[in-house]
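Protein chains in written order, with our numbering: chain A, 1 to 105; chain B, 1001 to 1259.
The beta-carbon is built from N, C-alpha and C at its ideal position, and this holds for glycine as well.
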């Protein structure tokens, strides 16, 4: 199922035209996957990620452009609607950035 | 590990050290009813011709479960010296959480309450070879598999990793990159310990961590190569980037076995 924090679909991700930008995990975030659930821990904040979110997180290495991340997700998760992938991915990454877990470069 | 001729490895090393097995029991002062167990890194695919022969003398005596070894000594044996630890059997059985329910030793969470040192000693005694006296641990060898130790070891390394990470992350956020890098070196060692233990390769000594990664993944594999590079090469002008990469690579190593 394609599902990345759907409640954030209207939140701000990277602005339009940032498909060439590369999201990068903030180094001081500790992350771990347990029994299919991804966990991000930074200071007092912990986030849970579903498998799609976890994949986005791993791809956010500061070298992979957002456009490539979206392509990978569409392919790997057999997403039927690339536009939805784009929207959800941007919203998800925007949320992580707002929380201080991720930066754009 | 099972393919190693443990007894042959130890005997050849003892012979090279000028140690006669005929007089070993007396020279090691093995108590009545006790035994001497020998462990070498070669059992786990590490070490070399000059590796130590770690010697553990065990005897059937009761003891406090929390006590440390009665004594750890270096004894002149033959033309050389052996480092010997003396352990009452009761301590080891308690540490193994055997109690009266011996089946508990096969549980998934065994050893997690014991310290790193105890785990290392237990591992060596259970996987070692008995050359003197009654082999107490023969039954345990059949029942306690290496992966039981590996689960405990992975847990211990992971706890250590978490503690170090939190400290290193604070230093990184405070832009103290030099200190973060120093901690990062310990962080990567702990992370490598986690990754290897989860692959059923128990590495108790830091010096074998790279060899362990190179053996499991291959020396050219990015995990092994990056581990080596991050621990051995620091560009003075790239402290921030180096510290950041150490933290992130630690995360990747810890997660590697789960991916």
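Residue burial is scored here from C-beta neighbours: residue 1258 of chain B has fewer than 16 other C-beta atoms within 10 angstroms and is therefore classed as exposed. Contact between residue 1212 of chain B and residue 1153 of chain B is absent: CB atoms are separated by about 12 Å, not below the 8 Å threshold. Boundaries of the alpha helix (DSSP H) harbouring residue 1256 of chain B: 1239-1256, taken from the DSSP string. Distance from the CA of residue 1025 of chain B to the CA of residue 1251 of chain B, rounded to the nearest whole angstrom, comes to 48 Å.
Taking every protein chain shown into account, the CB of residue 1190 of chain B has 16 or more other CB atoms within 10 angstroms, so this residue is buried. Note that the C-beta distance between residue 1197 of chain B and residue 1130 of chain B is not below 7 Å. At least one beta carbon of chain A lies nearer than 7 Å to the beta carbon of residue 1165 of chain B. At a beta-carbon threshold of 8 Å, the residues of chain B lying near residue 31 of chain A are 1251 and 1255, ordered along the chain.
By the beta-carbon neighbour count (other beta carbons within 10 angstroms, threshold 16), residue 1180 of chain B is buried. Boundaries of the beta strand (DSSP E) around residue 46 of chain A: 45-49. Pairing residue 27 of chain A with residue 1172 of chain B gives a Cβ-Cβ distance under 7 Å. A direct Cα-Cα distance of roughly 13 Å separates residue 1148 of chain B from residue 1120 of chain B. Non-local C-beta neighbours of residue 1177 of chain B in its own chain, meaning closer than 7 Å and more than five positions away in sequence, comprise 1239, 1240 and 1243, ordered along the chain. In the DSSP assignment, residue 1229 of chain B falls within the unbroken alpha helix (DSSP H) covering 1222-1232. Restricted to the stretch 44-87 of chain A, the alpha helix (DSSP H) segments that are unbroken, complete and at least 4 residues in length are 51-59 and 66-76, listed in chain order. Under the 7 Å criterion on CB atoms, residue 1247 of chain B is classed as interfacial with respect to chain A. Apart from sequence neighbours up to five positions away, the residues of its chain that approach residue 1157 of chain B with a beta-carbon distance below 7 Å are 1190, 1193, 1194 and 1197, ordered along the chain.
Residue 91 of chain A and residue 1222 of chain B have their C-alpha atoms spaced approximately 32 Å apart.
Neighbourhood of residue 51 of chain A in chain B, by CB distance below 7 Å: empty, with the nearest CB roughly 11 Å away.
By the C-beta criterion, the stretch 72-87 of chain A is judged not to be in contact with the stretch 1005-1016 of chain B, since fewer than 3 inter-stretch pairs fall below 8 Å. For residue 31 of chain A, the number of other beta carbons within 10 angstroms of its own is at least 16, and it is reported as buried. Of all residues in the stretch 1171-1184 of chain B, only 1172 and 1173 place a beta-carbon less than 8 Å from a beta-carbon of chain A.
In this structure, the alpha-carbon of residue 1003 of chain B lies about 39 Å from that of residue 1234 of chain B. When Cβ-Cβ separations below 7 Å define contact, residue 28 of chain A makes contact with chain B.
Interface annotation, residue 1192 of chain B: not in contact with chain A, CB-CB separation never under 7 Å. In the DSSP assignment, residue 1081 of chain B falls within the beta strand (DSSP E) that extends over 1080-1088.
Closer than 7 Å to the CB of residue 1258 of chain B there is at least one CB belonging to chain A. With respect to residue 1027 of chain B, residue 1073 of chain B sits apart: the two C-beta atoms are not nearer than 7 Å.
DSSP places residue 1012 of chain B in the uninterrupted alpha helix (DSSP H) bounded by 1006-1016. Here residue 1197 of chain B carries a helix assignment [DSSP, helix/strand/coil].
The residues 1183, in chain order, have a CB closer than 8 Å to that of residue 1167 of chain B in the same chain once the five nearest residues on each side in sequence are set aside.
Taking the C-beta atoms as reference points, residue 1043 of chain B is found nearer than 7 Å to residue 1006 of chain B.
DSSP lists no bridge partner for residue 1127 of chain B. Closest option to residue 1159 of chain B, judged by alpha-carbon separation, among B:1225, B:1230 and B:1254: B:1254.
According to DSSP, residue pairing for residue 1161 of chain B in a beta bridge does not occur. Residue 1248 of chain B counts as buried, since at least 16 other C-beta atoms from the protein chains shown sit within 10 angstroms of its C-beta.
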